[in-house]
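> Before anything else, here's the structure in question.
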């Protein structure tokens with residue numbers, strides 16, 4: 001049996017490696033560059049081609065799955081004795097699942113805009129090249145012509161330390177998820193010891209593992225502790241980025257390059273002007289609409305008068321013209337009142 | 351108790367070998383596929399402003415509806431989820447039923463849109479888009495179909511401009527942003543949103559995608575792709591998968607100020623149901639909505655939990671309130687086979703019963 005297992009592992013590893021290399025060759029042919037948005041610098045705008053992005057994400061996930069299969073297969077599956085009845089063997093089996101969850105989460109982090117670690121290293125390198133990161137101890141009193149710069153660097157170093165501490169707490173929570181997930185997997189497996197309910201394929205075991213991990217993760221993600229740590233992590237990272245931006249802007253100002261703050265400030269003013277313009281246009285349209293309404297009223301009045309005139313001509317054949325005329329609304333207006341209404345309407349139009 | 355894992359090495363090897371073979375063969379299939387199209391329903395732009403476009407969707411038959419319906423989508427992701435492909439299209443389905451469908455494409459914000467507020471979006475863009483449709487049809491009011499955050503926007507708009515909305519349909523719409531199972535809401539409660547927006551400006555789409563992936567990290571970032579290997583030998587299924595992937599990652603950035611307001615006022619302070627929300631200079635009171643309301647939610651929605659949507663009934667002013675529980679998730683409500691059979695016909699029937 002041990003020989004069989006060893007042969008299996010060798011075969012599997014060779015097979016997996018071959019397959020993975022083929023995929024990577026294909027991927028490199030397609031894009032010729034990595035899709036990490038930070039790979040080309042520390043900006044956020046270096047988006048990858050959609051197809052490249054999909055393949056990179058998919059393949060990274062599949063590679064992690066390949067590792068998972070390897071660990072699961074190498075963890076004592078297929079033993080003739082029942083590991084379930086041997087706690088030590090079972091623990092050894094479950095220990096194989098210690099890393100895949102954190103590996104997956106770390107994979108999402110490093111490929112995303114939230115992965116600060118790589119960005120920080122790139123930034124630090126760039127600043128060192130520019131002679132602006134001297135490794136100033138945080139607590140040293142700043143003085144001299146570079147005093148402000150020293151203070152900026154100290155603030156940034158402190159912010160990065162704070163971020164690192166909170167990130168360690170965050171990683172600790174993910175480790176807890178991992179441990180809780182494995183406990184849940186054990187619990188789930190205990191429900192599969194009946195005939196007909198046994199887990200008979202690696203894929204079925206994988207799906208069970210995902211269920212266990214996701215359950216554990218959801219519980220953690222909705223906890224008060226996670227909420228506090230996650231919020232603190234976001235805030236700490238933003239603090240680092242903000243201080244980085246400030247230092248970068250300082251450099252830009254010295255070089256006469258427009259800064260993000262200046263562009264933002266202009267954008268804010270432009271947007272305010274656009275709002276005021278739209279409001280003024282809307283008011284103008286309102287006045288036009290009021291004028292249109294007045295014209296409609298006057299036209300209706302003229303039409304009524306014409307009808308009345310026509311009617312009076314007919315009536316005149318049998319009796320004299322009456323001094324009053326109806327306005328169509330049950331009220332009567334005198335000719336002088338009509339003139340006044342028409343004049344005031346015309347005045348308003350001006 | 352039996353061994354729960356009776357998997358022998360040879361069997362495991364065969365399984366892995368099969369997986370690897372499928373993976374290798376998948377290369378051939380992927381090579382010929384390229385980028386997948388979506389949003390193929392014929393359409394005509396009837397209004398444009400900045401990056402916003404209002405599209406009039408064209409069906410095979412003349413609409414029988416008396417009142418047109420405007421689909422208002424969220425600012426996150428794109429409206430084309432409603433028209434992903436010919437046989438999975440809420441839009442086509444509504445057109446087939448005889449509805450006259452318009453939709454708002456908000457576009458992709460950039461630095462010029464950094465200072466757009468919710469007031470600009472709702473009392474500006476949306477209001478003018480609705481005016482354009484009203485004018486085109488010589489109507490005072492139209493139907494709104496709001497989706498997700500777009501549903502929240504539609505509720506706010508209807509409360510502020512009730513005279514311009516005849517009937518209101520909301521789909522997977524958050525109303526109570528502080529339900530205990532709302533993971534997104536939970537995560538932003540301790541976030542300093544001012545620092546966040548002041549630092550990032552517009553919120554990058556990739557960051558939004560990261561957040562969504564982290565809601566279910568293994569399922570959305572790994573298990574899904576493991577399952578993809580099973581369909582690598584099926585070009586039709588693979589195209590569907592790739593089309594969905596394109597939509598998921600084809601996300602706009604979020605305009606900074608609007609994002610700041612939405613997180614603060616809605617997620618953190620839950621003002622929509624507390625009744626003290628104000629957008630621009632206008633108060634937003636859900637009690638002002640007296641139009642018929644059709645609220646559709648998904649029972650397995652991990653982004654907008656059912657309770658977050660169902661809260662609408664308690665707060666809306668209308669006496670004509672209908673609810674539909676769809677058995678599925680936040681995305682399945684548009685693209686699943688069940689959705690094609692159930693959702694659009696239900697909307698159509700509900701509108702017809704109200705003379706629209």
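Residue numbers (the working numbering), protein chains in the order written: chain S, 1 to 350; chain P, 351 to 706.
Each residue gets a CB set at the ideal place from its N, CA and C atoms; glycine is no exception.
For the candidate residues S/189, S/104, S/294, S/291, whose alpha-carbon lies nearest to that of residue 93 of chain S?
Residue 93 of chain S has its Cα closest to that of S/189, out of S/189, S/104, S/294, S/291.
> So the beta strand (DSSP E) residue 194 of chain S belongs to, where does it begin and stop?
Residue 194 of chain S -> no beta strand (DSSP E), and no H or E assigned at all.
> According to DSSP, is residue 405 of chain P part of a helix, a strand, or is it coil?
In the structure shown, residue 405 of chain P sits in a strand (DSSP, three-state: E or B).
> Taking its Cβ as the centre, do 16 or more other Cβ atoms sit within 10 Å of residue 659 of chain P, making it buried, or is it exposed?
Burial call: buried.
> Taking the straight line between their C-alpha atoms, what separation do you get for residue 500 of chain P and residue 663 of chain P?
Cα to Cα, the separation comes out at about 18 Å.
> Using a C-beta to C-beta distance shorter than 8 Å, which residues of chain P count as neighbours of residue 65 of chain S?
Here the neighbours are 572, 575, 576.
> Pick helix, strand or coil for residue 695 of chain P, following the three-state DSSP scheme.
Three-state DSSP puts residue 695 of chain P in a helix.
> If you draw a straight line from the C-alpha of residue 592 of chain P to the C-alpha of residue 61 of chain S, how long is it?
Approximately 16 Å, taken between the alpha carbons.
> Flag this pair as yes or no: are the beta carbons of residue 216 of chain S and residue 262 of chain S separated by less than 8 Å?
No. Outside cutoff.
> Could you give the distance in angstroms between the alpha-carbon of residue 566 of chain P and the alpha-carbon of residue 222 of chain S?
Approximately 12 Å, taken between the alpha carbons.
> State the DSSP-derived secondary structure class of residue 650 of chain P, mapped to helix, strand or coil.
Correct three-state label for residue 650 of chain P: coil.
> Expressed to the nearest angstrom, what Euclidean distance is found between the alpha-carbon atoms of residue 697 of chain P and residue 625 of chain P?
Going from the Cα of residue 697 of chain P to the Cα of residue 625 of chain P covers about 28 Å.
> Write down the C-beta distance between residue 185 of chain S and residue 212 of chain S rounded to the nearest angstrom, noting that I regard them as a contact closer than 8 Å.
Yes, they are in contact, since the Cβ atoms of residue 185 of chain S and residue 212 of chain S sit about 4 Å apart, within 8 Å.
> Assess, as a yes-or-no matter, whether the region 572-582 of chain P is touched by the region 435-452 of chain P under the definition of 3 or more beta carbon pairs within less than 8 Å.
The region 435-452 of chain P, when compared against the region 572-582 of chain P, does not touch it at the 8 Å Cβ threshold.
> Run down chain P in chain order and give the residues with a C-beta less than 7 Å from the C-beta of residue 267 of chain S.
What residue 267 of chain S touches in chain P: 461, 462, 464, 465.
> Going by the beta-carbon positions, is the gap between residue 494 of chain P and residue 456 of chain P smaller than 8 Å?
Taking 8 Å as the Cβ cut-off, residue 494 of chain P and residue 456 of chain P do not qualify as a contacting pair.
> Would you report the Cα separation of residue 389 of chain P and residue 602 of chain P, rounded to the nearest angstrom?
Cα-Cα distance, rounded: 16 Å.
> Per DSSP, what are the beta-bridge partners of residue 672 of chain P in this structure?
DSSP output for residue 672 of chain P lists P/644 as bridge partner(s).
> With the cut-off set at 8 Å, would you say residue 508 of chain P and residue 645 of chain P are in Cβ contact?
Not in contact: residue 508 of chain P and residue 645 of chain P (Cβ atoms no closer than 8 Å).
> Would you please state the rounded distance, in angstroms, between the beta carbons of residue 502 of chain P and residue 529 of chain P? I believe it to be under 8 Å.
Not really, about 14 Å apart at Cβ, beyond 8 Å.
> According to DSSP, is residue 436 of chain P part of a helix, a strand, or is it coil?
Coil.
> So which residues on chain S does residue 566 of chain P lean against when the C-beta distance must stay under 7 Å?
By Cβ distance, chain S contributes 214.
> Taking residue 359 of chain P as the reference, which of S/64, S/225, S/69 has the closest Cα?
Out of S/64, S/225, S/69, S/69 has the C-alpha closest to the C-alpha of residue 359 of chain P.
> Is it right to say residue 633 of chain P is buried, meaning 16 or more other beta carbons lie within 10 angstroms of its own, or is it exposed?
Classification of residue 633 of chain P: exposed, given that the 10 Å Cβ count is below 16.
> Give every residue of the same chain whose Cβ lies closer than 7 Å to the Cβ of residue 668 of chain P, excluding the five residues on either side of it in the sequence, and list them in chain order.
Hits under 7 Å: 639, 640, 641, 642, 643.
> Near residue 401 of chain P, which residues of its chain fall below 6 Å by C-beta distance, leaving aside the five closest residues on each side in sequence?
So the list reads 457, once near-sequence residues are dropped.
> In angstroms, rounded to a whole number, what distance separates the CA positions of residue 325 of chain S and residue 292 of chain S?
For residue 325 of chain S, the pLDDT reaches just 40, beneath the cut-off of 50, and the residue's location in the model is therefore unreliable, although a value from the coordinates is still provided. Computed Cα separation, rounded: 25 Å.
> Could you tell me which residues DSSP pairs with residue 397 of chain P in its beta bridges?
DSSP lists P/404 as partners of residue 397 of chain P.
> Got a sec: is the Cβ-Cβ distance from residue 534 of chain P to anything in chain S below 8 Å?
Not an interface residue.
> Between the C-alpha atoms of residue 176 of chain S and residue 220 of chain S, what's the straight-line distance to the nearest angstrom?
For residue 176 of chain S and residue 220 of chain S, the distance between alpha carbons rounds to 8 Å.
> Expressed to the nearest angstrom, what Euclidean distance is found between the alpha-carbon atoms of residue 585 of chain P and residue 379 of chain P?
Near 7 Å, if we compare the C-alpha coordinates of residue 379 of chain P and residue 585 of chain P.
> The beta strand (DSSP E) with residue 520 of chain P in it runs from where to where?
From DSSP, the beta strand (DSSP E) with residue 520 of chain P extends over 515-521.
> May I ask you to list the residues that DSSP assigns as paired with residue 633 of chain P?
P/628, per the DSSP bridge assignment.
> Who are the Cβ neighbours of residue 162 of chain S in its own chain at under 6 Å, not counting the five residues just before and after it?
Only 236 meet the Cβ criterion.
> Quick test of your reading: residue 718 of chain P and residue 450 of chain P, contact by CB under 8 Å. State the CB separation rounded to the nearest angstrom.
There is simply no residue 718 of chain P to check, as chain P begins at 351 and stops at 706 in what is shown.
> If you pair each beta-carbon of the region 192-201 of chain S with each one of the region 268-276 of chain S, do three or more pairs fall below 8 Å?
Result no; under three Cβ-Cβ pairs closer than 8 Å.
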